[in-house]
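Visitor:
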Amino acid sequence: MIKKTRPQKYNLVNKKVPYLFILPWMIGFVVFTLGPLVFSLIMSLFDWPVTSSPTFVGFGNYIKMFTDDPQFYKSISITFKFALVFVPLNLIIALVLALLITQSVKGIKIFRTIFYLPTVVSGVAISIIWGWIFNSEYGILNYLFSFIGIEGPKWLIDPKWAIITIVIASAWGVGTMMLIFYTDIKSIPRDIYEAAAIDGAGPLRQFFYITIPSITPTILFNVITSVIGALQQLTLVLLLTGGGPLKSTYFYGLFVYNNAFKHHKLGYASANAWFMFIVILLLTLLIFKSSSAWVFYENEVKKEGGKK
Amino acid sequence: MKGSTSRFKVILLFVLTAVLVLAGCSSSASKEEKKDKDGKETIRFATWDNEDTLNLQQKMVDDFNAQNDKIKVVLEGYGADYDTKIAAGMGAKDAPDVMYMWNYPLYKDALEPLDSYIENEGEEYKNNFYDALWNYNKTDDKMLGLPVGYTTHVVYYNKALFDEKGLEYPQAGWTWNDLQEAAKKLTDKSKKITGFAFSGQPDPYDFEMYLWSNGASFVDKDGNLDGNVNSAKSIEVFNMFQGMLKDGIAITTEGSGSTEMKSGNVAMFVNGAWSLGSLTEAGIDYGVVELPKFENGQNVSIVSSSGISMSKDSKHKEAAFEFMQYWTGEEANKARIEFELPVLKSLVESEQLTQDPVKSVFYSMLEKSDGYTPTSYIVEDWTTVADDLSLVFEQIFNPSTLMDPKKVLNEVVK
Chain Z
619 MIKKTRPQKY NLVNKKVPYL FILPWMIGFV VFTLGPLVFS LIMSLFDWPV TSSPTFVGFG
679 NYIKMFTDDP QFYKSISITF KFALVFVPLN LIIALVLALL ITQSVKGIKI FRTIFYLPTV
739 VSGVAISIIW GWIFNSEYGI LNYLFSFIGI EGPKWLIDPK WAIITIVIAS AWGVGTMMLI
799 FYTDIKSIPR DIYEAAAIDG AGPLRQFFYI TIPSITPTIL FNVITSVIGA LQQLTLVLLL
859 TGGGPLKSTY FYGLFVYNNA FKHHKLGYAS ANAWFMFIVI LLLTLLIFKS SSAWVFYENE
919 VKKEGGKK
Chain H
-1 MKGSTSRFKV ILLFVLTAVL VLAGCSSSAS KEEKKDKDGK ETIRFATWDN EDTLNLQQKM
59 VDDFNAQNDK IKVVLEGYGA DYDTKIAAGM GAKDAPDVMY MWNYPLYKDA LEPLDSYIEN
119 EGEEYKNNFY DALWNYNKTD DKMLGLPVGY TTHVVYYNKA LFDEKGLEYP QAGWTWNDLQ
179 EAAKKLTDKS KKITGFAFSG QPDPYDFEMY LWSNGASFVD KDGNLDGNVN SAKSIEVFNM
239 FQGMLKDGIA ITTEGSGSTE MKSGNVAMFV NGAWSLGSLT EAGIDYGVVE LPKFENGQNV
299 SIVSSSGISM SKDSKHKEAA FEFMQYWTGE EANKARIEFE LPVLKSLVES EQLTQDPVKS
359 VFYSMLEKSD GYTPTSYIVE DWTTVADDLS LVFEQIFNPS TLMDPKKVLN EVVK
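Protein sequences appear in the order of chains Z and H. When we follow the numbering used here, the leftmost residue of the first sequence carries the number 619, and every step to the right adds one. When we follow the numbering used here, the leftmost residue of the second sequence carries the number -1, and every step to the right adds one.
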């Protein structure tokens, strides 16, 4: 047998067996993720009607998008408005729920399941259910309001309320984020809290000075995923409002979807999608950059502590 | 040296595997083009139906396959994603050989013109279908589909609510004034009952029928909106519908209005044959009547028609047409009779559908609706026009805006 003389760093490349094991995933990535990604970039340079053959237009689609499509700007602004309300709200709700399910109450497991349940339900079903709840004439919500003498708003008809409707319905799917917060809060050592309690810190102080700083990495993760999720929101608007009333919920995702599958402008829709991809990429980078100011990792803190 | 060769091997292995996988995909696609093992030609047939009607269609396809030793039809039920899926199929040049179709202008470039096939069958074959339906199954003077089913639009009314107020049931030949009179009497705020309901976001394709009834239309035959959709006759129609909302004798609905009708809180609404089954199921005792007329007009309905078309990329056009004939033949029309109004004159006669108190209404509306061409068949970019119109309709009918029809219609034509 040849002795191990090669430097250690080549080992990863020389071994074939590990690659064989991850081959299915690599193929899956190339065929189902990288392939379509590159293909859509190529498509975005063409005028590509579904039923006839494509023609090359260079950056025509991008130029048209920025200079000749008022709906593009409207959809962007609606989507960002939504994200601005939705992301903080979603984080707060998830955090509050996570705190609630860490309490030791009788039957806490049942509550945990109930809070998580909506996440398991498919977006389509959620849309149908909320459609019933929000129906302004015969919906359950306005029926309940009528008991306390309030005439509920026309949720899905009044443009002012429709976007709020979408925010409420989206917040329904908060379970995954709640679960992530929950596991992180659970892993904070009890003795820190005990020490704080002995020093006379109340529950609120404990929350802001122990819980929040300890879970900042999780908050970072949740902020990023929910920003991405908010900017890509499609299912709900597609099924619940169809972009209406009066295009008040014509989100960017719906704008792209309709350009592709309703107006059959595949090239233009690809250009739209790429623009959003770049926006999301930049936003994510920005959030990452900012994270050094407010996210604390355990080992970082330890190192710094050691220096002192 | 050795290190770099085995690295190369790994990459080669990876590429080879990827190629093999991709080749596997494409070879299975090309196999379909040839005859399969038992020497039959395979026809892919796409439908938008689901549940009950899909089961019926599967049974009909099975029957066809059992009778036929040269052709094998595979039914592909796309359901609600129908448009997305066939559009994707057409884009990838892998569209089903035969597919259900209604929006011919949008897909015309991917469909096989059928004129020569229909001519081969002779005049009698062609004449057995209603003329109005052929018009809906062609664009640019090319036949692109064979009619399978249709529905015209009619007024559904709740008999119990009419009885309660001691009102006579509406009769064919009534006018919009009659409808408004009735709606006024039927509206009962204390019981939350409203006389009439219509969609707050009406589909422009459907709504054009009201304009036709008043001698207007969205566009002229050259596709100009200006002077047509904002003509006095057209504005009159919008004013009338908006007026009913302002008077409180009508409400707008989020869907077609069938949900509200089922709840028993709405006395009348307009829809195609789609609501027949669900209203019966909901236990509503309803009647149907022709659409009302305007004072000096004739009542016209849009025809929501469905047909089947052949993909122009199909490799088995002869076999596909043979199946299409089966699917539109008398036997098949009869099998579908519970779900779909037959389109063959001979069957309508033998089943005495013109005597049927409900179904006859749809046929008399059909005969009155011949000779009108929806705007979607005239303008090139209907989906964009429809989007613009749809927004204007909402501005007119949305209770939080109720904008002046004249003003917004004059704006949209710019």
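All C-beta atoms in this analysis are idealised placements derived from N, C-alpha and C, irrespective of residue type, glycine included.
Leaving out five residues before and five after Z:Ala848 in sequence, what residues of the same chain have Cβ atoms less than 7 Å from its Cβ?
Guide: Once the five neighbours on either side are set aside, the close Cβ partners of Z:Ala848 are Phe700, Ala701, Phe704 and Val705.
Visitor: Distance, Cα to Cα, H:Asp385 vs H:Glu409?
Guide: 14 Å
Visitor: Are there 16 or more other CB atoms within 10 angstroms of the CB of Z:Pro667, so buried, or fewer, so exposed?
Guide: buried
Visitor: Would you check if there are 3 or more beta carbon pairs closer than 8 Å linking the region 72 to 79 of chain H to the region 349 to 363 of chain H?
Guide: no
Visitor: Establish whether the CB of H:Lys106 and some CB of chain Z are separated by less than 9 Å.
Guide: Judged by the 9 Å Cβ criterion, H:Lys106 is in contact with chain Z.
Visitor: Hey, out of H:Tyr375, H:Ser344 and H:Leu389, whose CA is closest to H:Tyr128's CA?
Guide: H:Ser344
Visitor: Report the three-state DSSP secondary structure of H:Thr173 (helix, strand or coil).
Guide: strand
Visitor: Buried or exposed: where does Z:Ile830 fall if 16 or more other Cβ atoms within 10 Å of its Cβ makes it buried?
Guide: exposed
Visitor: Using the Cα positions of Z:Leu864 and H:Ser114, report the straight-line distance between them to the nearest angstrom.
Guide: 46 Å
Visitor: DSSP three-state label for H:Ile376, please.
Guide: coil
Visitor: Express the C-alpha separation of H:Gln296 and H:Val152 in angstroms, rounding to a whole number.
Guide: Each residue's alpha carbon lies about 14 Å from the other.
Visitor: Is there at least one Cβ from chain Z nearer than 9 Å to H:Ser261's Cβ?
Guide: Against chain Z, the CB of H:Ser261 has a partner CB under 9 Å away; the residue lies at that interface.
Visitor: Which value, in whole angstroms, describes the spacing of the CA atoms of H:Lys142 and H:Gly198?
Guide: Reading the sequence as shown, one finds Leu at residue 142 of chain H and not Lys. Their Cα atoms are separated by approximately 33 Å.
Visitor: Output the distance between the C-alpha atoms of H:Ser348 and H:Asn331, rounded to the nearest integer angstrom.
Guide: 12 Å
Visitor: Just reading off the alpha helix (DSSP H) that Z:Phe869 is part of, what are its end residues?
Guide: Following the DSSP letters along the chain, one finds Z:Phe869 in no alpha helix (DSSP H), marked with neither H nor E.
Visitor: How would you write the range of the alpha helix (DSSP H) that Z:Tyr637 sits in, first residue to last?
Guide: Counted as a single uninterrupted DSSP element, the alpha helix (DSSP H) harbouring Z:Tyr637 occupies residues Val635 to Phe647.
Visitor: Does any C-beta atom of chain H lie closer than 9 Å to the C-beta of Z:Thr673?
Guide: no
Visitor: Using a Cβ cut-off of 9 Å (strictly closer), state whether Z:Phe748 contacts chain H.
Guide: Inspection of the sequence shows that residue 748 of chain Z is occupied by Trp rather than by Phe. Not closer than 9 Å to any Cβ of chain H, the Cβ of Z:Trp748 fails to qualify, so no.
Visitor: Among H:Lys83, H:Leu73 and H:Asp60, whose alpha-carbon lies nearest the alpha-carbon of Z:His882?
Guide: H:Lys83
Visitor: Using Cβ-Cβ distances below 8 Å, what residues of the region 756 to 788 of chain Z are close to chain H?
Guide: Within the region 756 to 788 of chain Z, the residues whose Cβ lies closer than 8 Å to some Cβ of chain H are Tyr756, Lys772, Leu774, Ile775, Asp776, Pro777 and Lys778, listed in chain order.
Visitor: Can you find a C-beta in chain Z that's less than 9 Å from the C-beta of H:Gly143?
Guide: no
Visitor: With a threshold of 8 Å, are at least 3 pairs of Cβ atoms found where one atom belongs to the region 850 to 864 of chain Z and the other to the region 710 to 718 of chain Z?
Guide: Flag = no, the region 850 to 864 of chain Z and the region 710 to 718 of chain Z do not touch.
Visitor: Going by beta-carbon coordinates alone, are H:Phe267 and H:Ser211 separated by less than 9 Å?
Guide: In this structure, H:Ser211 does not lie closer than 9 Å to H:Phe267 by Cβ.
Visitor: Assign Z:Trp750 to one of two classes, buried (16 or more other C-beta atoms within 10 Å of its C-beta) or exposed (fewer than that).
Guide: exposed
Visitor: May I ask whether a heavy atom of the ligand NAD can be found less than 8 Å away from the beta carbon of Z:Ser658?
Guide: The ligand NAD is not among the ligands present in this structure, which contains no ligands whatsoever.
Visitor: Whose Cβ in chain Z lies nearer than 7 Å to the Cβ of H:Met88?
Guide: Val668 and Thr669, listed in chain order.
Visitor: Taking Cβ to Cβ, would you say H:Ala317 is nearer than 9 Å to H:Lys163?
Guide: no
Visitor: Quick check: the Cα distance between H:Asn101 and H:Tyr203, rounded to an integer number of angstroms?
Guide: 11 Å
Visitor: Compare the C-beta of Z:Asn753 with all C-beta atoms of chain H and state if any pair is closer than 9 Å.
Guide: Yes, because at least one Cβ of chain H sits closer than 9 Å to the Cβ of Z:Asn753.
Visitor: For the alpha helix (DSSP H) holding H:Ala64, just list the boundary residues, first then last.
Guide: Glu49 to Gln65
Visitor: Could you check where the beta strand (DSSP E) with H:Leu73 kicks off and where it finishes?
Guide: Ile69 to Gly75
Visitor: Give the single residue among H:Asn228, H:Ser232 and H:Lys190 whose Cα lies nearest to the Cα of H:Tyr208.
Guide: Here the closest residue by C-alpha is H:Ser232.
Visitor: Can you give me, in chain order, the residues of the region 391 to 407 of chain H that have a beta carbon less than 8 Å from any beta carbon in chain Z?
Guide: Glu392, Gln393, Asn396, Pro397, Ser398 and Thr399
Visitor: What's the C-alpha gap between H:Ala90 and H:Leu223?
Guide: 35 Å
Visitor: To the nearest angstrom, how far is the alpha carbon of H:Thr251 from that of Z:Ile842?
Guide: 39 Å
Visitor: From Z:Leu638 to H:Gly305, what does the alpha carbon distance come to, in whole angstroms?
Guide: 51 Å
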